[in-house]
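To keep things clear, I will list the structure first and then write my remarks on it.
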Amino acid sequence: MLEIQGVTKRFFPGTVNERVALNHLSLDLKEGDFVTIIGSNGAGKSTLLNVISGRYPIDEGAILIGGRDISRMPEHKRARFVARVFQDPMAGTAPRLTLEENLSIAFDRGQRRGLSLAVTNKKREQYREALAKLDLGLENRLSLRVGMLSGGQRQALSLLMAAYQQPDILLLDEHTAALDPSRAELVTRLTGELIQENGLTALMVTHNMHQAIELGNRLVMMHEGNIVLEVDEDAKKTVTAEELLEEFAKTKGAHLSDRTMLD
Amino acid sequence: MIIALEIGLLYAVMAIGVYLTYRVLDFPDLTVDGSFTTGAATTAVFILAGAPPALAMVAGFLSGVIAGIITGGLHVWGNINPLLAGILTQIALYSINLRIMGKANLPLLRSETMFTPLRENQMLGTWASVAMFAVVAAIIGGLLYWFLGTRYGVAIRATGDNELMAKAQGINTGQGKIVGLAISNGLVALCGSLIAQYQGFADISMGIGLIVAGLASVIVGQAIFGMTAVWQAVFAAAIGSVIYRGIIQLALNAGLNPNDMKLISAVLVVLALTIPSLSPLKRRRQKRIRDKAVAQVGAQ
Chain R
1 MLEIQGVTKR FFPGTVNERV ALNHLSLDLK EGDFVTIIGS NGAGKSTLLN
51 VISGRYPIDE GAILIGGRDI SRMPEHKRAR FVARVFQDPM AGTAPRLTLE
101 ENLSIAFDRG QRRGLSLAVT NKKREQYREA LAKLDLGLEN RLSLRVGMLS
151 GGQRQALSLL MAAYQQPDIL LLDEHTAALD PSRAELVTRL TGELIQENGL
201 TALMVTHNMH QAIELGNRLV MMHEGNIVLE VDEDAKKTVT AEELLEEFAK
251 TKGAHLSDRT MLD
Chain X
1001 MIIALEIGLL YAVMAIGVYL TYRVLDFPDL TVDGSFTTGA ATTAVFILAG
1051 APPALAMVAG FLSGVIAGII TGGLHVWGNI NPLLAGILTQ IALYSINLRI
1101 MGKANLPLLR SETMFTPLRE NQMLGTWASV AMFAVVAAII GGLLYWFLGT
1151 RYGVAIRATG DNELMAKAQG INTGQGKIVG LAISNGLVAL CGSLIAQYQG
1201 FADISMGIGL IVAGLASVIV GQAIFGMTAV WQAVFAAAIG SVIYRGIIQL
1251 ALNAGLNPND MKLISAVLVV LALTIPSLSP LKRRRQKRIR DKAVAQVGAQ
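Residue numbers (this note's numbering), protein chains in the order written: chain R, 1 to 263; chain X, 1001 to 1300.
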């Protein structure tokens, strides 16, 4: 489904500040794979998601989705295949638009946006149904502006909006890191449910070891722009946080991010 | 005061256009000073060449659309800062406007304009013309309200509200900005076209400082009427224009001369921007917003 072939990304190339964020990185995801990514600070985890979504252009290599090379496709066109949830709970929704207008944006992802009304009674029912799945009571507040919601509610909504049109690839960039523990747990649970129900292919960056082991069917560890450890489906069922830390210590000069949570 | 009402309603067309860029797209567009005159100049030249006023106004509108596309293109394709992109187009338009008109002032007094029938029936300066102008402003405001509720319109609003999210949701934000600027400057040019016909001439300097008048209308209107819903914000911009012209009229009546108007406009914008953020008012407003949010969201 997703093939990342020898991708290199440099920041500030040709200057003294040049930094190689991704170093000939390759990774293959089959349809339905849910891969969690852990790694040190500056390992290139977020950069990896940003080159897949098209926010940053790549310097070398190729990115294929469903066999189609999308390496040069602009960001807004890639959105037909790739959806994202950001770390910042405010980033995935438009605060001055109402809940139903935000959902209409997600509903139209990958389609031509014409001059028909964004919110009609028929669509409103669909939005209501989708919101009801979140179990947050938002389905009765369709005309509320999203800026009025809490961070947790907005992140749950971002997740729903990202998964709404069943993207080929769902990218999650530490999307629970900025939430308080109970909200983080809620969003984590919703993430698992949405991905499983829709059979989505997903990549999730996390600092939470427990989350990385609990969620998904594969796990990769990144360091200095490359993958240093891959845990496959069978191994992931039994792997523990201690074992991962031990593996990590073997990588020369590697330290897990100081924000990593072990519980 | 009826004259101020008339003028305020005519300028409401511009205020609605400024609302689209300044509030919806979050793009302070300084093209306005140039595109207003471009609309006036284009319409004047068409009318003097014997074209029907309606056609002359369509041409005026389209001249503004082109100006907006240029500013948008400079920003989107040329990566030029929004303020600078607007100023560059505005300055360039000064020369273009002179080219269009051929001289600095084009009188239309003997020509057939949109307002000739009104003038001949002595309806200008009466409540009849005020009502007519109000209907025109309402139609244009209604059209913009409709557009902002369409799938394309909501995408443009999302672009101005959270561009990162808009791109992630597959919105071509660059195109949306250009379209928004085109429509906005089209409306501004249409307003220039109306004003030229109303006052009976197009003049090279008629657009100078108008962006401040446009901003004053939008900001004053929204300070008074609020901007929570889109229809409310569009309405506020239009009424803000009438209030602004009313204030200008009062200042003139109080003995200030027309040359002081730019200063008054600027002071008005500064006051409208700063007064709502003065601490006692701000505390009250924040409390109101908080109470409203608590009431609407309830305890989870």
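We put the CB at the ideal spot given by N, CA and C, even for glycine.
Remember, it's a predicted structure, so these values are computed and weren't measured experimentally.
#1: Could you tell me whether any Cβ in chain R is nearer than 9 Å to the Cβ of F1027 (chain X)?
#2: I'd like to know whether the C-beta of T201 (chain R) is nearer than 9 Å to at least one C-beta of chain X.
#3: When you compare the CB of G151 (chain R) with every CB in chain X, is at least one pair closer than 9 Å?
#4: For A184 (chain R) and A1041 (chain X), I'd like the C-alpha separation in whole angstroms.
#5: Of the residues that make up the stretch 1157-1171 of chain X, which ones have a beta carbon closer than 7 Å to any beta carbon in chain R?
#6: With a 10 Å radius around its C-beta and 16 neighbouring C-beta atoms as the bar for buried, classify S182 (chain R) as buried or exposed.
#7: Give me the residue from R:G152, R:H223 and R:G32 with the minimum Cα distance to A178 (chain R).
#8: Grab me the residues of M1123 (chain X)'s own chain with a C-beta within less than 6 Å of its C-beta, minus the 5 sequence neighbours each way, in chain order.
#9: CB V51 (chain R) to CB I65 (chain R), shorter than 9 Å?
#10: Cβ closer than 9 Å: which chain R residues qualify as neighbours of R1110 (chain X)?
#11: Can you find at least 3 beta carbon pairs, one from the stretch 1258-1267 of chain X and one from the stretch 1235-1243 of chain X, that sit closer than 8 Å?
#12: Inspect the CB distances between the stretch 1151-1170 of chain X and the stretch 126-140 of chain R and report whether three or more fall short of 8 Å.
#13: Any idea what DSSP makes of V1267 (chain X), helix, strand or coil?
#14: In or out: P1258 (chain X) buried (at least 16 other Cβ within 10 Å) or exposed?
#15: Could you list which residues in chain X have their beta carbon closer than 8 Å to that of I169 (chain R), in chain order?
#16: Could you compute how far the alpha carbon of Y1198 (chain X) sits from the alpha carbon of L1084 (chain X)?
#17: Check whether the Cβ of L2 (chain R) lies closer than 9 Å to any Cβ atom in chain X.
#18: Could you pull the start and end residues of the alpha helix (DSSP H) that T36 (chain R) belongs to?
#19: Using DSSP's beta-bridge definition, name the partner residues of E267 (chain R).
#20: Around the Cβ of A1299 (chain X), are there at least 16 other Cβ atoms within 10 angstroms (buried) or fewer (exposed)?
#21: Leaving out five residues before and five after S71 (chain R) in sequence, what residues of the same chain have Cβ atoms less than 7 Å from its Cβ?
#22: Buried or exposed: where does F34 (chain R) fall if 16 or more other Cβ atoms within 10 Å of its Cβ makes it buried?
#23: What does I169 (chain R) pair with, by DSSP beta-bridge criteria?
#24: Using a C-beta to C-beta distance shorter than 9 Å, which residues of chain X count as neighbours of H175 (chain R)?
#25: Assign F1201 (chain X) to one of three DSSP states: helix, strand, or coil.
#26: If we ignore side chains and look at the alpha-carbon of each, how far apart do G199 (chain R) and G192 (chain R) end up?
#27: Name the chain X residues that come within less than 8 Å of T93 (chain R), Cβ to Cβ?
#28: What alpha helix (DSSP H) runs, 4 residues minimum, are completely inside the stretch 1040-1080 of chain X?
#29: If the cut is a Cβ gap below 8 Å, which residues of chain R does R1151 (chain X) touch?
#30: In angstroms with no decimal places, state the Cα-to-Cα distance between A269 (chain R) and T1021 (chain X).
#31: Once you ignore the five residues that flank V231 (chain R) on each side, which residues in its own chain have a CB closer than 7 Å to its CB?
#32: What would DSSP say about N17 (chain R), mapped onto helix, strand or coil?
#33: Tell me the rounded alpha-carbon separation between A1056 (chain X) and L1062 (chain X).
#34: Return helix, strand or coil for V239 (chain R), following the three-state DSSP convention.
#35: Any heavy atom of the ligand MG inside 8 Å of the beta-carbon of I195 (chain R)?
#36: Which residues in the same chain as K45 (chain R) place their Cβ atom closer than 6 Å to its Cβ, once the five residues preceding and following it in sequence are excluded?
Considering the structure as presented:
#1: So, not an interface residue.
#2: It does not: the Cβ of T201 (chain R) has no partner Cβ on chain X nearer than 9 Å.
#3: Residue-level contact check: G151 (chain R) does not touch chain X, since none of the beta carbons of chain X fall below 9 Å from its beta carbon.
#4: Whole-angstrom Cα-Cα distance: 60 Å.
#5: Those residues of the stretch 1157-1171 of chain X that come within reach of chain R (Cβ to Cβ, closer than 7 Å) are R1157, A1158, D1161, N1162, L1164, M1165, K1167, A1168, Q1169, G1170 and I1171.
#6: S182 (chain R) should be labelled exposed.
#7: It is R:G152 whose Cα lies nearest to the Cα of A178 (chain R).
#8: Within the same chain, and ignoring the five residues on either side of M1123 (chain X) in sequence, the residues whose Cβ sits closer than 6 Å to its Cβ are S1129.
#9: For the 9 Å CB-CB criterion, V51 (chain R) and I65 (chain R) do not form a contact.
#10: In chain order: nothing, as chain R lies at least about 41 Å away.
#11: Counting C-beta pairs with one atom in each stretch, the stretch 1258-1267 of chain X and the stretch 1235-1243 of chain X have fewer than three that are closer than 8 Å, which means they do not touch.
#12: Taking one beta carbon from each stretch, the stretch 1151-1170 of chain X and the stretch 126-140 of chain R have fewer than 3 pairs nearer than 8 Å; the two do not touch.
#13: Here DSSP, grouped into helix, strand and coil, assigns V1267 (chain X) to helix.
#14: Under this definition P1258 (chain X) is an exposed residue.
#15: Neighbours of I169 (chain R) in chain X, taken as residues whose beta carbon is under 8 Å from its own, are absent, since the nearest beta carbon is some 13 Å off.
#16: Y1198 (chain X) and L1084 (chain X) have their alpha carbons spaced roughly 32 Å apart.
#17: Against chain X, the CB of L2 (chain R) has no partner CB under 9 Å away; the residue lies outside that interface.
#18: Where T36 (chain R) is concerned, there is no enclosing alpha helix (DSSP H), although the beta strand (DSSP E) it sits in stretches over F34 to G39.
#19: Since the first residue of chain R shown is 1 and the last is 263, residue 267 (chain R) is not available in this structure.
#20: Confidence at A1299 (chain X) is low in this model, with a pLDDT of 42, below 50, so its placement is unreliable and no value can be given for it.
#21: Same-chain partners within the cutoff: I58, A62 and I63.
#22: Buried, because 16 or more other Cβ atoms sit within 10 Å of the Cβ of F34 (chain R).
#23: DSSP lists R:V82 and R:T201 as partners of I169 (chain R).
#24: Within chain X, not a single residue places a beta-carbon under 9 Å from that of H175 (chain R); the smallest gap is close to 12 Å.
#25: Looking at F1201 (chain X) - three-state DSSP - the assignment turns out to be strand.
#26: Near 10 Å, if we compare the C-alpha coordinates of G192 (chain R) and G199 (chain R).
#27: By Cβ distance, chain X contributes N1162 and M1165.
#28: The stretch 1040-1080 of chain X contains these whole alpha helix (DSSP H) runs: 1053-1076.
#29: Contact annotation for R1151 (chain X) against chain R: S104, D108, R113, G114, L115, S116, L117 and A118 [CB-CB distance below 8 Å, chain order].
#30: The structure shown does not extend to residue 269 (chain R), since chain R is modelled only from 1 through 263, so no value can be given for it.
#31: The answer, listed in chain order, is R218, L219 and V239.
#32: Three-state DSSP puts N17 (chain R) in coil, outside helix and strand.
#33: Straight-line Cα distance between these residues: approximately 10 Å.
#34: Assignment of V239 (chain R) by DSSP, reduced to helix, strand and coil, places it in the coil class.
#35: The ligand MG is absent from the structure shown, which contains no ligands of any kind.
#36: I37, G39, V205 and M222.
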